[in-house]
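Each number in the numbering used here comes from the position in the sequence shown (counting from 1) with 1 added on. Only one structure is covered here, and it is reproduced in the block below.
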Amino acid sequence: MGERTTGAVAATYGSLSSQDTKAIDIVMDNVQQRQQRHDVRIGTRDDMVTGSAGTGTVLEGLQPGDLSLTEILKSKAAAKDRRMALNADEVYDNFLDEGHDMAVKVTQFIDALVSFIPQLSDMSDDVEALQKKLGKHQIDPYRLTEVHPLGTNGANEVSTQGLNDASTDFAEQIGLTNEDKLRDRAVFWHGDGKTYNGWLTLKRNLAGLKNMLVSFRYAVPVLAPWHLKWTGLGRIINCFWGDREYGKTDPSTLAGMARALNIPPPSDWAHPHFYKYAHLVEVVATGHMLHCWETHFGCDNLESYFKNIVETRGKTALPSFAELVEIAKLLVKRFASTRAFEQAVGPHPMDDVISGDESVSESAPIGEKWNLPAIPCAEEKPREYEHKDADWVLGNSILLLRDALEFLETCTATARGDPERAWETYKACGEHHNYATYLIEMLCLIELELRARARMALMDNWLVNLKGQPGHFQERDLMQEHFNFWLEELSQHKGKQFDDHWFRRTISPHVHRFLRIKDQMEASVALKPRRKEHTEPPKTNEIREAMRLCRQADLHRRHDGRLCGSKAEDHFAKGYKKLAFEGKLEKYIEKSLAVWRSENVEREMPEGVRDLSVYLHEPIHHDPDTGRLVI
Numbered sequence: 002m003g004e005r006t007t008g009a010v011a012a013t014y015g016s017l018s019s020q021d022t023k024a025i026d027i028v029m030d031n032v033q034q035r036q037q038r039h040d041v042r043i044g045t046r047d048d049m050v051t052g053s054a055g056t057g058t059v060l061e062g063l064q065p066g067d068l069s070l071t072e073i074l075k076s077k078a079a080a081k082d083r084r085m086a087l088n089a090d091e092v093y094d095n096f097l098d099e100g101h102d103m104a105v106k107v108t109q110f111i112d113a114l115v116s117f118i119p120q121l122s123d124m125s126d127d128v129e130a131l132q133k134k135l136g137k138h139q140i141d142p143y144r145l146t147e148v149h150p151l152g153t154n155g156a157n158e159v160s161t162q163g164l165n166d167a168s169t170d171f172a173e174q175i176g177l178t179n180e181d182k183l184r185d186r187a188v189f190w191h192g193d194g195k196t197y198n199g200w201l202t203l204k205r206n207l208a209g210l211k212n213m214l215v216s217f218r219y220a221v222p223v224l225a226p227w228h229l230k231w232t233g234l235g236r237i238i239n240c241f242w243g244d245r246e247y248g249k250t251d252p253s254t255l256a257g258m259a260r261a262l263n264i265p266p267p268s269d270w271a272h273p274h275f276y277k278y279a280h281l282v283e284v285v286a287t288g289h290m291l292h293c294w295e296t297h298f299g300c301d302n303l304e305s306y307f308k309n310i311v312e313t314r315g316k317t318a319l320p321s322f323a324e325l326v327e328i329a330k331l332l333v334k335r336f337a338s339t340r341a342f343e344q345a346v347g348p349h350p351m352d353d354v355i356s357g358d359e360s361v362s363e364s365a366p367i368g369e370k371w372n373l374p375a376i377p378c379a380e381e382k383p384r385e386y387e388h389k390d391a392d393w394v395l396g397n398s399i400l401l402l403r404d405a406l407e408f409l410e411t412c413t414a415t416a417r418g419d420p421e422r423a424w425e426t427y428k429a430c431g432e433h434h435n436y437a438t439y440l441i442e443m444l445c446l447i448e449l450e451l452r453a454r455a456r457m458a459l460m461d462n463w464l465v466n467l468k469g470q471p472g473h474f475q476e477r478d479l480m481q482e483h484f485n486f487w488l489e490e491l492s493q494h495k496g497k498q499f500d501d502h503w504f505r506r507t508i509s510p511h512v513h514r515f516l517r518i519k520d521q522m523e524a525s526v527a528l529k530p531r532r533k534e535h536t537e538p539p540k541t542n543e544i545r546e547a548m549r550l551c552r553q554a555d556l557h558r559r560h561d562g563r564l565c566g567s568k569a570e571d572h573f574a575k576g577y578k579k580l581a582f583e584g585k586l587e588k589y590i591e592k593s594l595a596v597w598r599s600e601n602v603e604r605e606m607p608e609g610v611r612d613l614s615v616y617l618h619e620p621i622h623h624d625p626d627t628g629r630l631v632i
């Protein structure tokens with residue numbers, strides 16, 4: 002295979018830059034590995050080797066001028082006033098598609114039912130048709146993304162100077178050695194939250210430099226969303242796990258379900274294992290949805306209910322797909338909406354009395370008054386919206402289902418290759434401070450600053466597909482994490498630095514090929530490809546257990562005064578309150594406008610000096626919120 006020189010990727014970029022329909026972008030991340038010293042001697046110790054890794058990916062489906070740097074800079078400048086005027090009400094009213102959110106949850110409720118009940122399997126094509134109607138920007142499902150891993154370097158991107166060094170190196174590897182090489186074309190730079198924030202800081206520090214290449218004005222930072230999705234999962238786990246003392250007895254918490262499903266608590270609450278707890282959230286959400294159907298049909302066993310209909314009255318007696326859609330709309334309003342939560346912990350809604358028909362009410366059915374003593378919650382004072390007859394068990398389950406369905410929609414939209422559909426779910430990120438600010442910046446970029454053609458180019462290439470098969474799309478930062486895993490393993494075994502010539506020129510640029518070489522060798526001798534993952538057992542028994550727990554607690558009926566020790570927090574409402582009433586949005590917008598104020602101030606670059614970033618760090622200042630000095 003031999004060495005793959007820097008010039009190979011540069012030649013690829015050079016050929017693409019002369020084309021109108023293709024371009025290249027970069028995703029980057031830090032790599033680190035502790036190298037153990039097995040030959041213990043005086044003066045030897047384990048070392049933490051750090052560096053940066055990046056991958057160039059070819060953008061497809063472009064039209065001439067889509068990534069025109071001149072036009073993108075003009076568009077960003079023209080949107081300055083809109084950025085200044087942005088407020089929480091505008092975000093909520095203009096950039097959140099509530100109709101789409103409702104359609105997504107309706108589809109999820111129907112999909113859960115049709116997938117679980119054999120008698121309804123004929124409706125699977127109708128469910129798929131609903132899924133396709135949800136599409137907003139479907140990438141060609143058979144597109145095979147062309148990737149070009151770049152040579153690693155020893156720069157630590159955690160620091161601003163390290164990020165500058167790493168980015169400059171990657172830019173040179175794709176042929177951007179001087180300003181003329183840009184050819185008036187912008188380049189998307191993707192990264193996780195820390196990298197994205199570092200890019201915003203770097204561009205702010207270098208904004209006054211005249212040179213487009215050195216100031217990185219050609220670069221358009223883009224938040225790669227897998228780490229955002231992981232953060233969202235962690236929020237769900239921490240919010241809905243339940244009180245550490247009483248959580249295991251509260252049927253509305255994840256802890257109670259996890260114990261029954263033999264899933265232990267996370268060992269790291271800040272970063273729970275993604276696949277293990279994504280599985281938990283999926284099983285619990287499915288069990289909740291199916292129990293909602295049971296509650297609506299008034300049966301104790303959903304499987305027996307439909308089986309009995311077919312055996313006694315025939316398949317023609319089954320509800321039609323259109324009828325199920327209408328029922329699903331009602332169930333979403335009752336059990337997976339913010340309004341439903343407010344009704345569960347507030348006074349009795351009046352629509353039951355007005356309509357006189359509980360079957361069409363948008364409120365949860367009324368159960369018997371809760372006679373068991375309430376298990377106290379760690380909170381001493383009731384919340385301002387809490388009623389004395391609040392059913393917190395029902396309220397917790399509603400919030401859990403609402404947020405879990407958002408997370409599952411993110412996973413579905415990503416795998417199907419619809420980044421615009423996934424983008425709708427990113428906006429409901431909760432109260433995580435860092436990612437909330439990152440998403441405000443991304444919202445300004447996508448909704449306000451990028452012109453339509455550049456926005457289309459981003460959406461058409463935000464996700465990658467390394468197999469060229471439907472359902473195998475993934476985020477760029479997840480792809481880079483997979484590459485980093487093997488790079489870090491090889492660094493450990495070989496005892497190499499990430500900027501070592503052999504590692505940089507031989508291993509790193511071929512990491513993607515190393516992962517595929519075995520499949521290619523098997524294919525060359527006509528061997529059948531072997532699955533690399535373990536066979537996943539069906540989730541049916543786990544879903545039945547989740548349904549049993551819901552049924553046992555009569556979870557989706559309102560029981561006045563029911564409290565089992567946990568009160569979940571509505572993070573969406575809490576985040577909106579911070580943005581709208583506590584001035585968080587205005588403060589961030591004011592801070593972000595610093596880059597605009599400095600762009601028109603050019604700093605002279607002394608002769609022979611290529612990089613002034615070391616002189617452009619912002620001064621140390623005092624953060625009144627944390628009481629600390631910030632560099």
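Glycine is no exception: its CB is placed at the ideal position from the N, C-alpha and C atoms.
Range covered by the alpha helix (DSSP H) that runs through Asp90: 89 to 95
Rounded C-alpha distance that separates Leu145 from Thr411: Leu145 and Thr411 have their C-alpha atoms roughly 21 Å apart.
Span separating the alpha-carbon of Ala569 from that of Gln553: Cα-Cα distance, rounded: 21 Å.
For Asp127, the three-state DSSP class (helix, strand or coil): Correct three-state label for Asp127: helix.
For Pro267, the first and last residue of its enclosing alpha helix (DSSP H): It is not in any alpha helix (DSSP H) - Pro267 carries neither H nor E in the DSSP assignment.
The alpha helix (DSSP H) enclosing Leu234, as first and last residue numbers: 227 to 241
Within 8 Å, strictly: CB atoms of Ala365 and Arg558: yes
Beta-carbon contacts of Ala79 that lie in its chain and below 8 Å, excluding the five residues immediately before and after: none
Distance between Phe117 and Leu514 (C-alpha atoms, nearest Å): Note on residue identity: the sequence assigns Arg, not Leu, to residue 514. Taking the straight line joining both Cα atoms gives about 40 Å.
Straight-line gap, Arg42 to Asn157 (C-alpha atoms, nearest Å): 28 Å
Cβ-based burial, Met258 [other Cβ within 10 Å; buried from 16]: buried
C-beta contact flag for Arg205 and Leu68 at 8 Å: no
Own chain, CB closer than 6 Å to Thr438, minus 5 neighbours either side, in chain order: Tyr589
Assigned exposure category for Tyr247 - 16 Cβ within 10 Å defines buried: Interpretation of Tyr247 is limited by its pLDDT of 47, a score under 50 that renders its predicted location unreliable; the figure taken from the coordinates is listed afterwards. Burial check for Tyr247: the Cβ neighbour count within 10 Å reaches 16 or more, so the residue is buried.
Glu640 in three-state terms, based on DSSP: For the chain, the structure presents residues 2 to 632; residue 640 sits outside this window and is missing.
Backbone CA spacing between Thr507 and Arg83 [nearest angstrom]: Rounded to the nearest angstrom, the two C-alpha atoms are 48 Å apart.
From Lys330, Arg35, Glu61, Ala261, residue whose alpha carbon lies closest to that of Val50: Arg35
Residue environment, Ile355, which counts as buried when at least 16 other CB atoms sit within 10 Å: The predicted position of Ile355 is uncertain, since its pLDDT is 33 and thus under 50; a value taken from the coordinates is nonetheless stated next. By the 10 Å Cβ count, Ile355 comes out exposed.
Buried versus exposed call for Arg505 [16 or more other C-beta atoms within 10 Å across all chains shown]: buried
Where Trp463 sits in the DSSP three-state scheme: coil
Segments assigned alpha helix (DSSP H), at least 4 residues, entirely inside the segment 46 to 114: 70 to 79, 81 to 86, 89 to 95
Residue of Ser338, Leu281, Val215 minimising C-alpha distance to Ala261: For the residues Ser338, Leu281, Val215, the minimum Cα distance to Ala261 belongs to Leu281.
Sequence-distant residues of the same chain with beta carbon closer than 7 Å to Thr232, five excluded per side: His433, Tyr436
Asn206 (DSSP reduced to helix, strand or coil): helix
Given Asn397 as reference, the closest of Ser509, Asp26, Gly566 once Cα atoms are compared: For Asn397, the closest alpha carbon among the candidates Ser509, Asp26, Gly566 is that of Gly566.
Buried or exposed (CB count within 10 angstroms, at least 16 for buried), Leu594: Leu594 sits exposed, since fewer than 16 C-beta atoms from the chains shown fall within 10 Å of its C-beta.
Helix, strand or coil at Asn31 [DSSP, three-state]: Reduced to three states, the DSSP call for Asn31 is strand.
For His149, the nearest candidate out of Val465, Phe573, Gln470 (CA to CA): His149 has its Cα closest to that of Val465, out of Val465, Phe573, Gln470.
Chain-order list of residues whose beta-carbon lies under 7 Å from that of Cys300 (same chain, five-residue window excluded): Tyr306
Residue interval of the alpha helix (DSSP H) (run including Ala574): 572 to 582
DSSP state of Leu303 mapped onto helix, strand, coil: Leu303: helix per DSSP, three-state reduction.
Residue span of the alpha helix (DSSP H) that contains His292, given as start and end: 275 to 298
Sequence-distant residues of the same chain with beta carbon closer than 6 Å to Lys230, five excluded per side: Thr411
Beta-carbon proximity check, Arg236 vs His572, cutoff 8 Å: yes
Three-state secondary structure assigned by DSSP to Pro1: Nothing can be reported for residue 1, as the shown portion of the chain is limited to 2 through 632.
Paired residues, beta bridge with Leu201 - DSSP: According to DSSP, Leu201 bridges with nothing at all.
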